[in-house]
Amino acid sequence: MRGLLRSIPIIVLGLIMFVPNVFAAQSATRLDGVSRYEVAVNVSKQGWSSASTVVVANGKAYADVLSATPLAYKNNAPILLTESSKLTTPTKNRISQLKPRKVIVIGGTISVNNQVVSEIKKLGVSTVERIGGVSRYEVAERIAKKLPANSKAVIANGTAYADSMAIGAYAARNGIPILLTTSNSIPSPTKDAMKSKGTRSTIVVGGEISVSNSVYRQLASPTRIGGNSRFEVARNIAKKYYSSTKSAVIGNGYTYADALAGSVLAAKQGRPVLFTDAGSLPKPTREAIGSNRMTTFTVLGGTISVKSNVISQLKNPIVGKKIFIDAGHGGSDPGASANGLREKDVNLAFAKKVYSKLSSGGALPIMARSTDVYLTLSQRVAKAESNHADIFVSIHSNSASSSATGTETYYYTKYQATNSKRLATEIQSRLYKAMNTRDRSVRTGNFHVIRESTMPSCLVELGFITNKSDASKLNSSYYQDRAASAIYNGIVAYY
Ligand SMILES: [Zn+2]
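Take the sequence shown: its letters are residues -24 to -1, 1 to 471, numbered as in mature numbering (1 follows the signal peptide of the UniProt record, and there is no 0).
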């Protein structure tokens, strides 16, 4: 009895370790809206049922508001957006609902004019405070003065908006002011702000094009979070500061208005902000999702900013997963040849189709080879290992006597035996049906690539190149598509 009880937790632990798909349900919630003003309202509804302070900024000239996230966070205030000379209706209605005592207007009278201020007052708001300035640099300086003492400062380019928006949530959560610079010289309001705050260390956001090395060297003990694109900068922030965070707020990397309202929500939730293209997740964003093993996403904006395909990718359990696709043989090694086919060509044709489906699905597929070149077996394994591939799928075609026929999938027991068998099973159970061949089942096989790869791995034998019927399928783009879908769906099911 005692022994039995003690074995139960071990069984439970076993399930947790070997059945990741039970726990890896991906979710993506969209905060929609027909305009940026509505998106900001919906973001505020997600994070605030009441607010004693609200921050209001121009929804189109948002240079002024780049530094505002830490101020909004400090006041537990949502950021709402307006037009410059008319308080936008969704914003007006939301202020009426929230009944704040105070509204902080960011920017000078060109960004948000006094007509808007008086409209806000008419809603019963007792205090409307304006933080203006003749430039975005001065607005940032004045916002910094409203924040508590902090010896750190963030320095970002005042015209590379995405960088400030990517760091906004982190800066806000840690009470670090966001100060702005040009690439080649530090504007005097920024110098003044660092002086009055007693800045002793700086976080420089963006690559050397955004903030040059000459500016970098003038700053107090600087640390750069760089990147070759806005997507990379956001990825690097997520990796550096949010390595144990399984969720993110995601907005379009080019239409910033949505991210602006979302950055204070992200700060409140302790999540990073990541960026996407409208139609598909960019590679650096997939990398951040994969390396942090993120499962929960809040997507900012309507279907023009972020198309439904991106939501599908985020909900796909393979999102950000590094999947190594090994087309067997190649170059001087043709593999088996029969019925006018060479195995190396057949394997590559199938592998390319699998790659393309995985890539569309949001994964980070890696090809052992994408052309007719020779790699040794150990080079294939080494490539998968050095890329930190999550799983390894090798694609081959079989050969024997002309009567042998069917599809089989191999795994090996040296590393990851249970997961490898499960991966092989998910693929095989779909693959023979897709190929409409005989099910030769899942087997163990002592093949170099699946023996020596330390990640879960399997090797498929699509069919027999030496059999007339199998060979005609191996050479058919119809069957190639079906098989690629089967392998793809097997991988999705594995996760
Ligand atoms: Zn082979």
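Each residue gets a CB set at the ideal place from its N, CA and C atoms; glycine is no exception. Please read these numbers as outputs of a predicted model, since none were measured by experiment.
Secondary structure of residue i, DSSP reduced to three states
i	result
Lys62	coil
residue 474	Outside the shown range of the chain, which is -24 to 471, sits residue 474, and nothing can be said about it.
Ala33	strand
Met343	strand
Pro(-5)	Low per-residue confidence applies at Pro(-5): pLDDT is 45, beneath 50, and the placement is therefore not dependable, though the value from the model is reported in the following sentence. Three-state DSSP puts Pro(-5) in a helix.
Asn451	coil
Ile82	strand
Thr413	coil
Val286	helix
Thr135	coil
Leu7	strand
Ala407	Correcting the residue type first, residue 407 is Leu in the shown sequence and not Ala. Looking at Leu407 - three-state DSSP - the assignment turns out to be helix.
Ile367	strand
Asn18	helix
Val330	helix
Lys167	helix
Gly466	helix
Ala460	helix
Gly23	helix
Gln392	coil
Gln2	coil
Ile162	coil
Thr401	helix
Tyr350	coil
Arg193	helix
Thr45	helix
Ala360	helix
Ile71	helix
Tyr471	coil
Ala39	helix
Leu99	coil
Leu324	helix
Ile185	coil
Lys173	helix
Ser94	helix
Lys121	helix
Closest residue to residue i among the options (Cα-Cα distance)
i	options	result
Ser239	Pro310, Tyr146, Ile213 and Gly266	Tyr146
Arg398	Asp415, Ala129, Ser373 and Tyr470	Tyr470
Thr274	Lys297, Ala243 and Ile299	Ala243
Tyr13	Ala447, Lys62 and Glu428	Lys62
Ala254	Pro260, Lys283 and Ile265	Lys283
Ser429	Ser373, Met411, Tyr455 and Phe300	Phe300
Ile280	Leu7, Gln2 and Arg77	Leu7
Glu184	Asn268, Ser177 and Arg193	Arg193
Ala344	Val369, Ser336 and Arg419	Val369
Ser177	Asp457, Asn160, Ser197 and Ala169	Ser197
Pro163	Ser111, Asn315 and Lys121	Ser111
Glu95	Val32, Glu402, Ala360 and Thr221	Val32
Ser445	Thr401, Asn412 and Ser433	Asn412
Gly421	Asn451, Tyr386, Ser453 and Met170	Tyr386
Arg423	Ser378, His372 and Asp168	In the sequence under discussion, the amino acid at residue 423 is Phe, which differs from the Arg named in the question. Comparing Cα positions, the closest option is His372.
Gln355	Lys50, Ser405 and Val425	Val425
Pro432	Lys409, Arg406, Ala462 and Ala393	Ala393
Ile294	Asn160, Ser267 and Thr64	Ser267
Leu57	Ser448, Pro46, Val41 and Thr381	Val41
Per DSSP, the bridge partner or partners of residue i
i	result
Ala129	Thr178
Phe440	Asn374
Arg200	Val180
Ala145	BP columns for Ala145 are empty, so no partner.
Val386	Per the sequence shown, residue 386 should be read as Tyr rather than Val. For Tyr386, which the question treats as bridged, DSSP gives the partners Arg419 and Leu435.
Arg318	Ser313
Leu156	Ala132
Glu105	Ile80
Ile294	In DSSP, Ile294 forms no bridge with anything.
Ile55	Val31
Residue i CB to nearest heavy atom of ligand 3 below 7 Å
i	result
Ile185	Ligand 3 is absent from the structure shown, which contains only ligand 1.
Residues with a Cβ closer than 5 Å to any heavy atom of ligand 1, in chain order?
Gly304, Gly311 and His372
Give the list of continuous beta strand (DSSP E) stretches no shorter than 3 residues that lie fully inside the stretch 205 to 280.
223 to 228, 249 to 252 and 272 to 276
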